[in-house]
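Residue numbers (mature numbering (1 follows the signal peptide of the UniProt record, and there is no 0)): -19 to -1, 1 to 307. The C-beta atom is built at its ideal place from N, Cα and C for all residues, glycine as well.
Below, the structure written as structure tokens:
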């Protein structure tokens, strides 16, 4: 399924390039398709982090989610927003970086609170500061660069577009380290990754129908599709292996406990069963005569082969000690 979704924009891109440059069907600008597909992509990338925010809030944990991932994504949204505004991409693609950055920084704030154990006030303060600073930086960059961009100098604009692509890609590498560390994909919502891929696909499709094809924006969105796909593939391969490994470890510990090798690790349900078994002779309480050790001296064991049955029973009952004479 992931392969099919990834291949759709690739085939359309190839078709567009061939039709425009090699005499095939003439490529044309479809404003409606551009806006509709861009809107769908924006909705996906606006809502993509909502499942992750909810997952972290519900579990009260961000274990397995790299705070560097969401931080770098939040920073990349600043430069992607600058690029989209200066290039005058369709309106949905100009709105998308703003919502994407906000939710990324919100996830980063959750990492500060749940993962790094900062206080609630400190986490909220840091999150608000980062969001405000990012918005101010984006506004300043757009105002500063627009005059030269309008004069035809697109160097700065292209630089920020490429920088956004690099940061989006770099943000996923710390997440790969988390996957390597835990030997499975934990702490990250698969719904979030799936919606992220869909958003990238629709964003690329909207650029296919743009009058002037934007290579930099396409590379940015396509990179997200590929790198997110790696996480899904890792989850499909590693998570079942990890579940089987934990099951084997649990069964091994249970067998050790049942055999008496590791009583400390016995689960409560099994410990109650083990405790109900009769104690061994070594663990039985001493007889009254033996427990009064100062008054009883250990004597020789009877060796009379003609002991009566009562004598034998007394020896067993009193631990083969002679009773003190009365």
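Determine the direct distance from the alpha carbon of residue 39 to that of residue 78, and round the result to whole angstroms.
26 Å
Roughly how many angstroms separate the alpha carbons of residue 72 and residue 86, rounded to a whole number?
22 Å
Rank 16, 235, 143 and 101 by C-alpha distance to the C-alpha of residue 70 and give the top, closest one.
16
Distance, Cα to Cα, residue 24 vs residue 164?
32 Å
What residue does the alpha helix (DSSP H) around residue 37 start on, and which one ends it?
31 to 40
Considering only residues of the same chain and omitting the five flanking positions on each side of residue 141, which have a CB-CB separation below 6 Å?
60, 63 and 64
Should residue 81 and residue 54 be called a contact, given that it needs their Cβ atoms to be closer than 9 Å?
yes
Taking the C-alpha atoms as reference points, what is the distance between residue 180 and residue 117?
26 Å
Would the segment 33 to 49 and the segment 209 to 226 be scored as touching if the rule is three or more Cβ pairs under 8 Å?
no
So residue 204 and residue 150 are supposed to be a Cβ contact under 8 Å. How far apart are they, rounded?
5 Å
Have a look at 37, 201, 223 and 202 and flag the residue whose alpha-carbon is nearest the alpha-carbon of residue 160.
223
Report the three-state DSSP secondary structure of residue 20 (helix, strand or coil).
helix
So, for residue 191: in the same chain, excluding its five sequence neighbours on each side, which residues have a beta-carbon less than 8 Å away from its beta-carbon?
10, 15, 70 and 71
Rounded to a whole number of angstroms, what is the C-alpha to C-alpha distance between residue 156 and residue 91?
16 Å
Answer with buried or exposed for residue 218, where buried requires no fewer than 16 other C-beta atoms within 10 angstroms of its C-beta.
exposed
Give the straight-line distance between the Cα atoms of residue 226 and residue 233, rounded to the nearest whole angstrom.
11 Å
So, helix, strand or coil for residue 70, using DSSP?
coil
Return the CA-CA distance between residue 44 and residue 130, expressed in angstroms with no decimal places.
43 Å
Helix, strand or coil at residue 225 [DSSP, three-state]
helix
Jot down the residue ranges of each uninterrupted alpha helix (DSSP H) in the segment 57 to 132, minimum 4 residues, whole runs only, in chain order.
72 to 91 and 101 to 131
Have a look at residue 186 and residue 119 and give me their C-alpha separation to the nearest angstrom.
26 Å
Leaving aside the five residues before and after residue 74 along the sequence, list all residues of the same chain whose C-beta is less than 6 Å from its C-beta, in chain order.
19 and 65
Since residue 46 is in the alpha helix (DSSP H), which residue starts that stretch and which ends it?
Careful: residue 46 lies outside any alpha helix (DSSP H) and carries neither H nor E.
So what's residue 139 in DSSP terms, helix, strand or just coil?
helix
What distance in whole Å lies between the Cβ atoms of residue 148 and residue 239, which are believed to be in contact at a cut-off of 8 Å?
In fact, because the Cβ distance is near 54 Å, the residues do not count as touching under 8 Å.
Taking the straight line between their C-alpha atoms, what separation do you get for residue 183 and residue 21?
6 Å
Same chain only: Cβ atoms within 7 Å of residue 144, ignoring 5 sequence neighbours per side:
60
List the endpoints of the continuous alpha helix (DSSP H) containing residue 166.
Run containing residue 166: none; DSSP gives neither H nor E here.
With a threshold of 16 other CB atoms inside 10 Å of the CB of residue 231, please say whether the residue is buried or exposed.
exposed
Rounded separation between residue 134 and residue 162 - CA only:
45 Å
Could you give the first and the last residue of the continuous alpha helix (DSSP H) run that contains residue 184?
171 to 189
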